[in-house]
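Asks: Note that our numbering gives residue 102 to position 102 of the sequence shown, counting from 1, and the numbers run on in steps of one.
Every residue, glycine too, gets a C-beta built ideally from N, C-alpha and C.
Since we're looking at a predicted model, the values are computed, not measured.
Before we start, here is the structure in question, set down as structure tokens.
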Amino acid sequence: MILEPVRPIQLSEIREARKRIAQTIVRTPLIRLELGPDFPDVRLKLENLQPINAYKLRGAANAVALLSDSERERGVWTISAGNAGQGVAYAARQAGVPCAVVVIETAPKSKLDRMRALGAKLFPVPYDVAWKTLEERSFPGAEGTFIHPFDDDNFIAGHGTMGLEILEDAPDTAAVVASIGGGGLITGVGSAIKALKPEIKIFGVEPD
């Protein structure tokens, strides 16, 4: 896969993203996980309360908001197993931008239905075709600006807004655990937190 050159995501980018997406996303709460007196203080960031029930709306909203006028006219497209596609479709509908999603055909029907309801044109494909499309960043019939579902600075900066909220709500945080799929979430959250409190530990987790 051809990835864009890696560069640090700046705190200023994340702060600007926060202003940019404020009218689209929900500022989700941190809630304490009650495991009993013998367990450490663990808190959960409830991104399931976003309009699409997933954090990826943050990155998608930021990426769509930064489109030029000509890019908005041409539309956007992305590749997804469900959540990134919902995020881009939601943000695109709110901005009046045409949207298409190359979606892995095994995605849950509920997510496919929601993307269609949001106005996205879907191109269901097998996993290997989706991965090839991700590498080539082109697909017949998918027109406009391609928004990468994780290897995109604007997407990552949007996700970083969670880090700002975490430190506002729990400034005594000692460590943050973030899931890793493509890496956009942990990169964004980690960038925000390390810029403000470099002593905080960041741990990534993924399915084995």
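#1: Counting Cβ pairs closer than 8 Å, one from the region 152-159 and one from the region 95-112, do we hit at least three?
#2: Does residue 98 have its Cβ less than 7 Å from a Cβ in chain C?
#3: Could you give the first and the last residue of the continuous alpha helix (DSSP H) run that contains residue 133?
#4: Decide if the region 66-76 is in contact with the region 176-183; the criterion is three or more beta carbon pairs, one per stretch, under 8 Å apart.
#5: Tell me which residues share the same chain as residue 30 and place their Cβ nearer than 6 Å to its Cβ, disregarding the 5 neighbours each side in the sequence.
#6: Applying the criterion that 16 or more other CB atoms from any shown protein chain within 10 Å of the CB defines a buried residue, is residue 23 buried or exposed?
#7: Rounded to whole angstroms, what is the Cα-Cα separation between residue 163 and residue 147?
#8: Among all the DSSP beta bridges, which residues are the ones paired with residue 7?
#9: With a Cβ-Cβ cutoff of 7 Å, do residue 175 and residue 201 count as a contact?
#10: How would you write the range of the alpha helix (DSSP H) that residue 192 sits in, first residue to last?
Replies: Judging by the given coordinates:
#1: Below 8 Å, too few C-beta pairs join the region 152-159 and the region 95-112 to call them touching: fewer than three.
#2: As a matter of chain content, chain C is missing from the structure shown, which is built from one protein chain.
#3: Under the DSSP assignment, residue 133 falls in the alpha helix (DSSP H) whose first and last residues are 127-136.
#4: Not touching, per the Cβ criterion.
#5: A distance below 6 Å between beta-carbons, with the five flanking residues on each side excluded, links residue 30 to the following residues of its chain, in chain order: 43, 45, 169 and 170.
#6: Label assigned to residue 23: exposed.
#7: Between residue 163 and residue 147, the C-alpha separation is close to 22 Å.
#8: Residue 7 pairs with nothing; no bridge assigned.
#9: Going by beta carbons, residue 175 and residue 201 fall inside the 7 Å limit.
#10: 184-196 is the span of the alpha helix (DSSP H), which, as asked, contains residue 192.
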